[in-house]
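A quick write-up on the structure given underneath.
Numbering (the UniProt record's numbering), first residue to last: 1 to 316.
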């Protein structure tokens, strides 16, 4: 780790070939649009700047201002830019899920695209609630449900491109139906790369033993976006053995700041930079439920670690 990189650093070795490194509200413990225990959005934006980041995600819709002019002003006065928004889908449940997904897309992609974002991170519904830990449905999908899942995402991705010029980036997730390597590969096999690619979340993929670098090497054309995080292996196997809900694992600290977990971030950043240096790599350390004073120094140290462990990183 290094402590010599200034917050306004923007020059990277390899003539700008590095990935754009950003952060997200999730790294400040934000999971919901409105929660009195979460850091206020103004403080979040101010601390992002102080930590040395330029790119951010929208986070849960309604956390940051939803008026595009207000949001543009708030970001612009701080020198911040928007990389993506996020929506949640449940296409495996049936055709009635389309309207729910599209209503979110109209709001989120509509707002994000007005501020220049070209990506929408799409997270599948969890089989176990991240709010109550209640088991909501079977942990695995039938072949029919897999077909509905794939078709729904391809339809959404096509519509997003045509309506907003925004690319869909699917985010595999702990406690969802697409989490293990086999599930992620099946999802890629059953979807159309023109409309559906991966937001490869390094922590969620490692949560179920996935090898991030191997996936990148085997499916380079399907990597469209990165979320950077690490898993604490000193907790992981207890979490899996005892079937601890993901939300509870988060409060226990399952996602840990680098370099104290897995996977190593440098090889991932470098492998993806070799594919396309325009891909975003957004730090997204799940920290919901944390004290509001905790995220900022972690965000600073994480940025210093990333820029200290690889030359294939840039701020802008």
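Heads up, the beta-carbon is just placed ideally off N, CA and C, and yes, glycines get one too.
Do residue 69 and the ligand SAM come close, with the Cβ less than 7 Å from some heavy atom? For the structure depicted, the ligand SAM is absent and the ligand set is empty, with no information on it obtainable.
Taking just the CA atoms, how far does residue 173 sit from residue 108? In the chain shown, the residue the question calls residue 108 occupies position 108. In the chain shown, the residue the question calls residue 173 occupies position 173. Spanning the two alpha carbons is a distance of roughly 20 Å.
Counted within 10 angstroms of its Cβ, other Cβ atoms place residue 207 as buried (16 or more) or exposed: Here residue 207 corresponds to residue number 207 of the chain shown, with the count starting at 1. Flag for residue 207 reads buried.
Taking the CB atoms as reference points, tell me whether residue 45 and residue 78 lie closer together than 8 Å. Taking the first residue of the chain shown as 1, we reach residue 45 at position 45. Taking the first residue of the chain shown as 1, we reach residue 78 at position 78. Yes.
DSSP state of residue 295 mapped onto helix, strand, coil: Here residue 295 refers to the residue found at position 295 of the chain shown. If DSSP states are grouped into helix, strand and coil, residue 295 belongs with the helices.
For the segment 12-47, which segments carrying the beta strand (DSSP E) assignment without a break, of at least 3 residues, lie completely within its bounds, in sequence order? 19-23
Using DSSP with H/G/I as helix, E/B as strand and the rest coil, what is residue 81? Along the chain shown, one-based indexing puts residue 81 at 81. Here residue 81 sits in strand by DSSP.
Expected contact under 8 Å - CB spacing of residue 232 and residue 261 to nearest Å: By 1-based counting over the chain shown, the position of residue 232 is 232. By 1-based counting over the chain shown, the position of residue 261 is 261. The Cβ separation is near 5 Å, so the contact holds.
Pick from 128, 142, 120 that is closest to residue 159, judged by C-alpha positions: In the chain shown, counting from the first residue as 1, residue 159 sits at position 159. Checked all of 128, 142, 120; the closest Cα to residue 159 is 120.
Residue 235 and residue 253 look like a contact to me (Cβ under 8 Å); what is the Cβ gap, rounded to whole Å? Residue 235 sits at position 235 when you count from the first residue of the chain shown. Residue 253 sits at position 253 when you count from the first residue of the chain shown. Confirmed, about 7 Å.
DSSP-derived helix/strand/coil call for residue 107: The residue given as residue 107 occupies position 107 in the chain shown. In the three-state reduction of the DSSP assignment, residue 107 falls in the helix class, which pools H, G and I.
Quick check: the Cα distance between residue 53 and residue 190, rounded to an integer number of angstroms? To locate residue 53, count along the chain shown from 1; it is residue 53. To locate residue 190, count along the chain shown from 1; it is residue 190. Between residue 53 and residue 190, the C-alpha separation is close to 36 Å.
How is residue 309 classed by DSSP in three states: helix, strand or coil? Sequence index remark: in the chain shown, residue 309 carries index 309 (1-based). Residue 309 falls in the helix class under three-state DSSP.
Can you name the start and end residues of the beta strand (DSSP E) that residue 224 belongs to? In the chain shown, residue 224 corresponds to position 224, counting from 1. Unbroken beta strand (DSSP E) run through residue 224: 223-228.
So, for residue 313: in the same chain, excluding its five sequence neighbours on each side, which residues have a beta-carbon less than 7 Å away from its beta-carbon? Counting from one through the chain shown, the residue named residue 313 turns up at place 313. Here the set comprises 12, 18, 19, 21, 269, 306, 307.
Check whether the Cβ atoms of residue 282 and residue 257 sit closer than 8 Å, and answer yes or no. Here residue 282 refers to the residue found at position 282 when the chain shown is read from its first residue. Here residue 257 refers to the residue found at position 257 when the chain shown is read from its first residue. Their beta carbons are not under 8 Å apart, which means residue 282 does not touch residue 257 by this criterion.
In three-state terms, what does DSSP make of residue 277? Walking along the chain shown from the start, residue 277 turns up at place 277. Of the three classes helix, strand and coil, the one that applies to residue 277 here is coil, per DSSP.
Limits of the unbroken beta strand (DSSP E) element including residue 122: Position 122 of the chain shown, counting from 1, holds the residue named residue 122. That run of the beta strand (DSSP E) goes 119-124.
Test item: CB-CB of residue 284 and residue 24 under 8 Å: Within the chain shown, residue 284 is the residue found at index 284, counting from 1. Within the chain shown, residue 24 is the residue found at index 24, counting from 1. Yes, these two residues count as a Cβ contact at 8 Å.
Apart from the five residues just before and just after residue 310, which ones in its own chain have a Cβ nearer than 8 Å to its Cβ? Stepping through the chain shown from its first residue, residue 310 is reached at position 310. Counting only Cβ-Cβ distances below 8 Å, and skipping sequence neighbours, we find 18, 265, 266, 269, 270.
Is residue 167 helix, strand or coil when you go by DSSP? Position 167 of the chain shown, counted from the start, is the residue given in the question as residue 167. Three-state DSSP puts residue 167 in a strand.
First and last residue of the alpha helix (DSSP H) that includes residue 73? Residue mapping note: residue 73 aligns to position 73 of the chain shown, counting from 1. Note, residue 73: alpha helix (DSSP H), 68-76.
Rounding to the nearest angstrom, what Cα-Cα distance links residue 247 and residue 131 in this structure? Counting from one through the chain shown, the residue named residue 247 turns up at place 247. Counting from one through the chain shown, the residue named residue 131 turns up at place 131. Spanning the two alpha carbons is a distance of roughly 7 Å.
Is the segment 91-101 close to the segment 66-73, with three or more CB pairs under 8 Å? no
Rounded straight-line distance, which links the Cα of residue 91 to that of residue 396: No answer is possible for residue 396: the residues shown for the chain start at 1 and end at 316.
Can you tell me the Cα-Cα spacing of residue 2 and residue 296, whole angstroms? One-based indexing of the chain shown puts residue 2 at position 2. One-based indexing of the chain shown puts residue 296 at position 296. Because the pLDDT at residue 2 is just 37, under 50, the model does not fix this residue reliably, and the value given afterwards should be weighed accordingly. Computed Cα separation, rounded: 17 Å.
Contact under 8 Å by Cβ, residue 196 with residue 143: Your numbering for residue 196 matches position 196 in the chain shown. Your numbering for residue 143 matches position 143 in the chain shown. The answer is no: Cβ separation not under 8 Å.
Who does residue 255 pair with in a DSSP beta bridge? Position 255 of the chain shown, counted from the start, is the residue given in the question as residue 255. In DSSP, residue 255 forms a bridge with 231.
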